[in-house]
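The structure under discussion appears below in the form of structure tokens.
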Ligand SMILES: NC(=O)c1ccc[n+]([C@@H]2O[C@H](COP(=O)([O-])OP(=O)(O)OC[C@H]3O[C@@H](n4cnc5c(N)ncnc54)[C@H](OP(=O)(O)O)[C@@H]3O)[C@@H](O)[C@H]2O)c1
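In the numbering used here, the protein residues as written are 207 to 467.
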């Protein structure tokens, strides 16, 4: 199936590692024009060079931007619009795990999580909206966690930020549908990514053993963690016009883990 993503302009936050990086690679291979951001400049430069392709890097912008800083997000949007003149897709993906027993959380814990996972999605959507409208529509994809639908003990503040992200996606899908802008979310269970690579390194465990253990722990019906490439396949479809009649949904990407659909 041809996704017809050639020359579509897509912005991805947290595109320098893990799931975001897998999506950057896939979209570039499909001919999309991709702007991605993160904070670690080395990782950004390495990925940008890797996906520069044969057009001298015209089709990719890898930029340092902290999504909690509105000015940096604005510069990220401006860079894409200045180079390509339009925006067709936005992937609000930047995040990190943050779950603690409630008694150990402070106001700062909550502020940090809400700023990174919820307010950043709001800010980038606000900044990109006029450009999506000017393009005649587009697709916004909010990357969340399955705990937003099925929170477990000790899963806040993440589960609360993610539940709010789900509500944000739903309400925006209703408001922006008349502008031909679709808003969907993907709720991640356990998927191979940079965050797990780093956790394995920090605990002295081989990353393959960590994934094997996570998959065998009994809580994933399909018996394994997901692959970043499988996430990228789904996200690329949701960004493409092949999913043109899908809006307002929160898709579980969790190997069947969540008790709720
Ligand atoms: N993989 C999973 O099992 C899993 C499970 C549930 C939810 N998720 C969610 O899925 C999304 C992707 O996660 P991942 O597993 O791919 O994580 P990852 O491998 O750690 O990648 C996270 C990306 O976000 C960037 N990032 C983090 N904070 C940022 C900030 N303030 N501003 C800009 N960029 C920032 C990171 O780059 P820098 O550090 O250089 O900024 C990196 O590019 C996240 O929202 C995560 O919470 C993942």
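Cβ atoms here follow ideal geometry from the backbone N, Cα and C, with glycine treated the same way.
- Straight across, the Cα-Cα distance linking residue 332 with residue 296 is about 11 Å.
- Comparing alpha-carbon positions, the option among 380, 358, 247, 229 lying closest to residue 239 turns out to be 229.
- In the three-state scheme derived from DSSP, where H, G and I count as helix and E and B as strand, residue 431 is classed as coil.
- Secondary structure at residue 306: coil, using DSSP grouped into helix, strand and coil.
- From the listed residues 388, 402, 397, 435, the smallest Cα separation to residue 451 is found for 388.
- Using a C-beta cut-off of 8 Å, the region 343-358 makes contact with the region 297-306, since at least three inter-stretch Cβ pairs fall below that distance.
- Within the DSSP bridge table, the entry for residue 363 names 305 as partners.
- In chain order, 274 place their CB closer than 7 Å to the CB of residue 321, counting only its own chain and leaving out the 5 sequence neighbours on each side.
- About 5 Å separates the Cβ atoms of residue 299 and residue 219, confirming a contact at the 8 Å cut-off.
- The Cβ neighbour count for residue 434, taken over all protein chains shown within 10 Å, is at least 16; the residue is labelled buried.
- Three or more beta-carbon pairs separated by less than 8 Å link the region 266-273 to the region 238-253, which places the two stretches in contact.
- Counting every other CB atom within 10 Å of its CB across the protein chains shown gives residue 337 a total of 16 or more, marking it as buried.
- In terms of side-chain proximity, the C-beta atom of residue 272 is found nearer than 7 Å to a non-hydrogen atom of ligand 1.
- In this structure, residue 302 has its CB closer than 7 Å to one or more heavy atoms of ligand 1.
- Sequence-distant partners of residue 396 (beyond 5 residues in either direction) whose C-beta falls short of 6 Å from its own C-beta, in its chain, are 420, 431.
- Contact between the region 362-380 and the region 313-329 is established, with three or more Cβ pairs separated by less than 8 Å.
- Secondary structure note for residue 350: its beta strand (DSSP E) is the uninterrupted segment 344-351.
- The three-state secondary structure of residue 207, taken from DSSP, is coil.
- CA-CA distance, residue 353 to residue 400, rounds to 20 Å.
- For residue 328, the enclosing alpha helix (DSSP H) begins and ends at 326-340.
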